[in-house]
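> One structure, pasted below without further comment.
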Amino acid sequence: MAEDYPKVDRVMGGVAGLISIAVPAVLFLYFIMLAPQIAMDAQVWAAEWVPSLGISLSVLMDGLSLTFALLITGIGTAVTLYSAQYLGDHPDYPRFVSYLLMFMVGMLGLVLAGNLITLFVFWEVTTIASYLLIGFNADSAKSRRSALQALLVTGTGGLVMLAGMIILGSVVGSFEIAEILGSGDMIRAHPWYMAILLLFLAGAFTKSAQFPLHFWLPNAMAAPTPVSAYLHSATMVKGGIYLMARMNPALGGTSAWFWILVLFGGFTAVFASVLALRQTDIKQVLAYTTLMALGTLTMFIGAGTDYAIIAAMLFLVVHSLYKAALFLVIGIVDHGTGTREAPVLRGLRHAMPLTALAAALAAISMAGIPPMIGFIGKEFMYKAGLGLPGLGAAWVTVMIFAASVLMFVVAGIVALRPFMGELAKTPKPAHEGPWPMLAGPLVLGALSLLFGILPSTVGFYFVAPATRAVLGMDAEVHLYLWGGFNAALLLSVLTFLAGWLIYRRHEAIRARLAVAEAKAPNFDRGWDNVLDGLKALAAWQTRLIQTGSLQRYMAVMFATFALLVGATLILRGGMGSGINYDAEGVHPIQWTVLALIAMGAGLSTWTSSRMTAITALGVVGIGVALLFIIFSAPDVAITQLLVEVLVVVLVALVMLRLPHLPSRAKSGFRAGHAAIAAAVGLVTTAVMIAVLQTPFDRRLTDFFEIASYPDAHGRNIVNVILVDFRATDTFGEIVVVVIAAIAAYALLRGAPGASPTPAGEPGARGEEEKA
Amino acid sequence: MELLLALTIGILVACAVYLMLDRNVIRFLFGLILLSNAANLLIFLSGRLTAGAPPLIDEGLYAPTGVVANALPQALVLTAIVIGFGLLAFTLALVYRTYRSLGTVNSDEMRVAEPVAQEARR
Chain A
6 MAEDYPKVDR VMGGVAGLIS IAVPAVLFLY FIMLAPQIAM DAQVWAAEWV PSLGISLSVL
66 MDGLSLTFAL LITGIGTAVT LYSAQYLGDH PDYPRFVSYL LMFMVGMLGL VLAGNLITLF
126 VFWEVTTIAS YLLIGFNADS AKSRRSALQA LLVTGTGGLV MLAGMIILGS VVGSFEIAEI
186 LGSGDMIRAH PWYMAILLLF LAGAFTKSAQ FPLHFWLPNA MAAPTPVSAY LHSATMVKGG
246 IYLMARMNPA LGGTSAWFWI LVLFGGFTAV FASVLALRQT DIKQVLAYTT LMALGTLTMF
306 IGAGTDYAII AAMLFLVVHS LYKAALFLVI GIVDHGTGTR EAPVLRGLRH AMPLTALAAA
366 LAAISMAGIP PMIGFIGKEF MYKAGLGLPG LGAAWVTVMI FAASVLMFVV AGIVALRPFM
426 GELAKTPKPA HEGPWPMLAG PLVLGALSLL FGILPSTVGF YFVAPATRAV LGMDAEVHLY
486 LWGGFNAALL LSVLTFLAGW LIYRRHEAIR ARLAVAEAKA PNFDRGWDNV LDGLKALAAW
546 QTRLIQTGSL QRYMAVMFAT FALLVGATLI LRGGMGSGIN YDAEGVHPIQ WTVLALIAMG
606 AGLSTWTSSR MTAITALGVV GIGVALLFII FSAPDVAITQ LLVEVLVVVL VALVMLRLPH
666 LPSRAKSGFR AGHAAIAAAV GLVTTAVMIA VLQTPFDRRL TDFFEIASYP DAHGRNIVNV
726 ILVDFRATDT FGEIVVVVIA AIAAYALLRG APGASPTPAG EPGARGEEEK A
Chain B
114 MELLLALTIG ILVACAVYLM LDRNVIRFLF GLILLSNAAN LLIFLSGRLT AGAPPLIDEG
174 LYAPTGVVAN ALPQALVLTA IVIGFGLLAF TLALVYRTYR SLGTVNSDEM RVAEPVAQEA
234 RR
């Protein structure tokens, strides 16, 4: 795969490659050195970030964080080393490692965050980084689709979770995780507990791909193989697991928590294992087993007993080790043979002995065969399952038995069958991978074995501190390879037997599953339908709201105005009762002016003649000017008269070049618009009356009257206000007029010369003036 | 008188709104002129009415004698008249230019920015 790119000569990926390998390696060593200290007690470091919102950059370092941090940096080192070889000659390799490091930083920040909001920010960093990584081969439409799907599913989940975090923060009164974990009893008793729980689980389930939100994860295989290895083993998908484990002391222990996690987790585990059998591409097979692992972890975190949490923490380590190793092995196989199809690959151990060794180590751990750590993990899962009370025991034990059997089968498909038998013909002649690609899987495989032989070391430094962190209290952790003859061991033996039987017949089963799958509902296609529906909804509401009709927009705005202001007036009691009808004292001249204004307005509205309309508008303007004169505003009246004359002249001038108004008889009476207009008019009058009923505040006026002469040496108070007290306003007004003039000039200057007059228009023009 | 003027303002606004809801942008323009007048009257009336006493200070005095008309709304209305005129002149130019370029004064037919074809496709 890597050979298809134009070659760039770089040793170990050049500077970018060396940095990308050094950063996780150094961090890994740092975390290793912290391990003895953390094994004793959790550490918290804090620094202020946004103090006003109670968000701090605190770091919470306990067994759980440390175990995750070691997995992230340790497997990160293996993956970056591998990538330097796998993609080192890719022209975009520096971009790739930037994303990968961003991903690593996001994941580290997520597991080390001591504050919920900080945790959320890093959570989103991993979402964005995974989007960039899955869509790394941006030329491929499939890649882009998968990336977008992962982004939207996990991003939506993240936002839902943020809501839960904010509620939780307000319930506890702090976003500090340490404080939240200490208030578990209060949170569980709180009426909002259920809402918080569901919102958090929405985030965790999308990130950790629990059924029915699992579909994005197998698609994320579009990413380059090292990314898949990283994404599936130590990062991203484990984010949700981390969150559930972290929140267990605060949210766990209720029956809702138990049943949601156990049911969804168990179902996901078995459902995914069955789907894994169905695949032929061994990378896809592994992708589905990741779902199985996530389901298992969810189930045991939900179960919540000491043994269950020990089993979960142990399995977390087990799975990360074998899954990263197997993905990297598949990358080598793909690289070395040119195919990942299970039916084609046979006998690779002859050509790729070291790869075969790494695959075998990882697969034996995956199958849960002693003396690997995977065996211990499985034993503890059985023990935890059997130790649960009532119905839970039956469900968990059955689910974990089924999943373990299928894991045994899958281990055989992925790591036994391709390497055994006679070497088969592949698209490329099979050849061994180079050392940087082999180092990672070999070391990881060896660790699976080493930890199996020395379980108490793993137990003391990682599993026990992590378990204590998840439980929120002390727990006795004693890991051992040989626990004597007991029910768990019996189940293990049964697992191997059943697994072997199914493995012998897996090709027939795969064919039958393929037939069944064609009939079953497809979640991936469901996703497409959801997206299409969303787009259709957006288009529909856009067409509904943004019709592009000015008339519609105006109607909505005016109606809204009338409704809101009118409702406010009525509800707030703005309509007093003290309206005294004072027509008695109104002078006949005033009557006449008001009548002129009203008639002018009515006529300009009704007429179909442009000249009549302009004249009527002029009457309204002059009427308003007369009112100003009557009520002691001579300056305003003069301005109004001048402007009114200008308006009439301008409008009349332009009107000569515009078409006639459509006849009212033809365009008809628009009842709906009339109702809106009447409502707006009525509301305006009502507001005016309400204003007139409020006591009049003369303070500002008094100030201007008193200050006008002594301060500004003017006897015309209105003028003084305009040019002195409020001179800046007046300046602004002048600017507005100038801008309007410039804009109008620009509009008119660029106008096309010839008038596109509609047919029959020019002749009618002169006559209209006389009419 | 105040009540009657409030009613008159209501009539002006109602006529203005009805005109502005017309598809024909020339009628829209008429509505704008009416609305501008209504708004000015509204500000003026809010400052209360005083007949026959303009806000002037007599020679030799430092403040007006007796009750004079409220000067503040007058100043505001003066500004508003001029601004309204600027707006109107610009709108007028816009209507004219639109007609020159598009050959229509019907706002529903002005579809350069939001072509009808886009709707028809669905």
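Protein sequences, first through last, are from chains A and B. Just so we're aligned, residue 6 is where the first sequence starts under the numbering used here, counting upward by one. Just so we're aligned, residue 114 is where the second sequence starts under the numbering used here, counting upward by one. Idealized CB from N, CA, C, for every residue including glycine.
Tell me which residues of the stretch 536-569 of chain A have at least one Cβ-Cβ distance to chain B shorter than 7 angstroms, keeping chain order.
A544, R548, G553, S554, L555, Q556, M559, A560 and F563
> Can you tell which of A:L113, A:G18 and A:L76 has the C-alpha that lies nearest to the C-alpha of L92 (chain A)?
A:G18
> Three-state secondary structure (DSSP) at Q48 (chain A)?
strand
> Taking the runs of the alpha helix (DSSP H) that are 4 residues or longer, which of them lie wholly in the stretch 235-285 of chain A?
242-256 and 260-283
> Ends of the alpha helix (DSSP H) at M693 (chain A)?
M693 (chain A) -> alpha helix (DSSP H) spans A676 to Q698.
> Can you give me the start and stop residues for the beta strand (DSSP E) that V64 (chain A) sits inside?
V64 to M66
> Please identify the residue among A:I287, A:F263, A:T259 and A:I643 whose C-alpha is closest to the C-alpha of P223 (chain A).
Looking at the Cα atoms, A:I287 is the closest of the given residues.
> Let me check one thing: in DSSP terms, what residues is I185 (chain A) bridge-paired to?
Answer is none; I185 (chain A) lacks a bridge partner.
> Do F36 (chain A) and A74 (chain A) count as a contact pair if the criterion is CB distance below 8 angstroms?
Pairing A74 (chain A) with F36 (chain A) gives a Cβ-Cβ distance under 8 angstroms.
> Given 8 angstroms as the limit, is there contact between the stretch 367-383 of chain A and the stretch 277-293 of chain A, that is, 3 or more CB pairs closer than that?
no
> Would V130 (chain B) and V641 (chain A) be called neighbours here (beta carbons separated by less than 8 angstroms)?
Not closer than 8 angstroms, so no.
> Do you know offhand how far A630 (chain A)'s Cα is from I170 (chain B)'s?
23 angstroms
> Below 8 angstroms, can you find three or more Cβ-Cβ pairs linking the stretch 497-514 of chain A to the stretch 98-118 of chain A?
Contact between the stretch 497-514 of chain A and the stretch 98-118 of chain A is absent, because fewer than three Cβ pairs lie under 8 angstroms.
> Leaving out five residues before and five after V31 (chain A) in sequence, what residues of the same chain have Cβ atoms less than 8 angstroms from its Cβ?
none
> Can you tell me whether T178 (chain B) is buried or exposed? The criterion is at least 16 other CB atoms within 10 Å of its CB, across all chains shown.
Around the Cβ of T178 (chain B), a 10 Å sphere holds fewer than 16 other Cβ atoms; the residue is exposed.
> In chain A, what lies closer than 9 angstroms to E222 (chain B) by C-beta?
The premise fails here: E222 (chain B) is roughly 11 angstroms from chain A at the closest Cβ pair, so nothing lies under 9 angstroms.
> Classify E8 (chain A): buried if its beta carbon has 16 or more other beta carbons within 10 angstroms, exposed otherwise.
Only weak support exists for where E8 (chain A) lies, its pLDDT of 45 falling under 50; the coordinates are left without a value.
> Assign A399 (chain A) to one of two classes, buried (16 or more other C-beta atoms within 10 Å of its C-beta) or exposed (fewer than that).
Residue environment analysis places A399 (chain A) among the exposed positions, since fewer than 16 neighbouring C-beta atoms fall within 10 angstroms of its C-beta.
> Report the rounded CA-to-CA distance for L777 (chain A) versus I171 (chain A), giving the unit in angstroms.
Because residue 777 (chain A) is not part of the residues shown, which for chain A are 6 to 776, the question remains open.
> Give me the Cα-Cα distance between V570 (chain A) and I124 (chain B), rounded to the nearest whole angstrom.
When only Cα atoms are considered, V570 (chain A) and I124 (chain B) end up about 17 angstroms apart.
> E346 (chain A) bridges to which residues according to DSSP?
A:D286
> Would you call L118 (chain B) buried or exposed, if buried means 16 or more other Cβ atoms sit within 10 Å of its Cβ?
buried
> Are any of the Cβ atoms in chain A nearer than 8 angstroms to that of I146 (chain B)?
yes
> What's the C-alpha gap between A712 (chain A) and A176 (chain B)?
8 angstroms
> Taking a Cβ distance cut-off of 8 angstroms, strictly less, list which residues of the stretch 693-714 of chain A are near chain B, in chain order.
M693, I694, V696, L697, F701, R703, L705, T706, F709, E710, I711, S713 and Y714
> Which residues does DSSP pair with N219 (chain B) in a beta bridge?
B:N137
> How many angstroms separate the CA atom of F143 (chain B) from the CA atom of L132 (chain B)?
7 angstroms
> Report buried or exposed for K540 (chain A), applying the criterion of at least 16 other Cβ atoms within 10 angstroms of its Cβ.
Classification of K540 (chain A): exposed, given that the 10 Å Cβ count is below 16.
> Using a 10 Å radius around the Cβ and a threshold of 16 neighbouring Cβ atoms, would you call H592 (chain A) buried or exposed?
Here H592 (chain A) is exposed: its Cβ has fewer than 16 other Cβ atoms, across all protein chains shown, within 10 Å.
> With H, G and I counted as helix, E and B as strand and the rest as coil, what does DSSP make of N120 (chain A)?
Three-state DSSP puts N120 (chain A) in a strand.
> Suppose the cutoff is 6 angstroms on Cβ atoms and the five residues either side in sequence are ignored; what does the same chain contact list for S760 (chain A) look like?
Annotation note: pLDDT 47 at S760 (chain A) (below 50); position unreliable, coordinate value reported separately. Nothing meets the Cβ criterion.
> Just the Cα atoms here: how many angstroms apart are F272 (chain A) and A155 (chain A)?
Here the C-alpha atom of F272 (chain A) lies approximately 21 angstroms from the C-alpha atom of A155 (chain A).
> Is the beta carbon of S88 (chain A) less than 8 angstroms from the beta carbon of M241 (chain A)?
No, the Cβ-Cβ distance between S88 (chain A) and M241 (chain A) is not below 8 angstroms.
> Could you work out which residues of chain B lie near G626 (chain A), taking near to mean beta carbons separated by less than 7 angstroms?
N150
> For L69 (chain A), does the count of other Cβ atoms within 10 angstroms reach 16, so buried, or fall short, so exposed?
That one is buried.
> State buried or exposed for T573 (chain A), treating a residue as buried only when at least 16 other CB atoms are found within 10 Å of its CB.
exposed
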